[in-house]
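Visitor: Next up is a structure, given as structure tokens.
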Amino acid sequence: QAAIDHRYFPEPAQALLDWHIRVNGDFLMGAPPLWFRSVVWGEICLQLPFFFVAVKALYDRDEAAFRIPFVIYGAHTATTMIPILGEIGGSTRLTLIYLPYLLFPLGCVVLFSV
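Here the sequence shown stands for residues 81 to 194, where the numbers follow the working numbering.
Set out below in structure tokens:
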């Protein structure tokens with residue numbers, strides 16, 4: 081909902097986001113700055129399609145098909161998390177919420193680049 085107008089989402093999704101913003105103080109999702117919306121569009125255009133490729137490769141247990149894409153995915157995602165974590169660095173709660181989005185991709189880089 082950071083990149084697409086919230087009116088296009090079902091009411092329960094809007095309510096969940098409103099709750100998250102209120103409870104966790106997530107100002108990036110509450111009033112997303114242009115740079116953050118750009119990062120989200122990058123995720124929509126690059127990471128979302130990759131998800132389906134990755135699921136297929138994992139389902140087929142075709143390691144050769146997903147080794148390099150997982151390294152690229154992990155590096156790209158980890159890189160996008162640097163400015164986000166820098167922006168929210170003063171909030172322990174938000175850091176803990178966003179940190180898995182850095183750790184999992186870094187794990188992919190380490191696991192699949194060896």
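Here a beta-carbon is modelled for each residue, glycine too, at the ideal position from N, C-alpha and C.
1) Sort P92, H86, K136 and M161 by Cα distance to G122 and report the nearest one.
2) Nearest to L191 by CA position, among A155, A82, G166 and A83, is which residue?
3) Identify which residue in P180, I164, F130 and I168 has its Cα closest to the Cα of W115.
4) Looking at the secondary structure, which residues open and close the alpha helix (DSSP H) in which Y181 lies?
5) Taking C-beta to C-beta, are Y153 and P185 nearer than 8 Å?
Guide: According to the data block:
1) By 1-based counting over the sequence shown, the position of residue 122 is 42. Of the candidates P92, H86, K136 and M161, the one whose C-alpha sits nearest the C-alpha of G122 is M161.
2) Counting from 1 along the sequence shown, the entry for residue 191 is found at position 111. Nearest option by C-alpha distance: A155.
3) Indexing the sequence shown from 1 puts residue 115 at position 35. Of the listed residues, the one whose Cα sits closest to W115 is I164.
4) Locating residue 181 in the sequence shown gives position 101, counting from the first residue. Its alpha helix (DSSP H) spans residues P180 to S193.
5) Within the sequence shown, numbered from 1, the residue matching residue 153 stands at position 73. Within the sequence shown, numbered from 1, the residue matching residue 185 stands at position 105. For Y153 and P185, yes; Cβs fall inside 8 Å.
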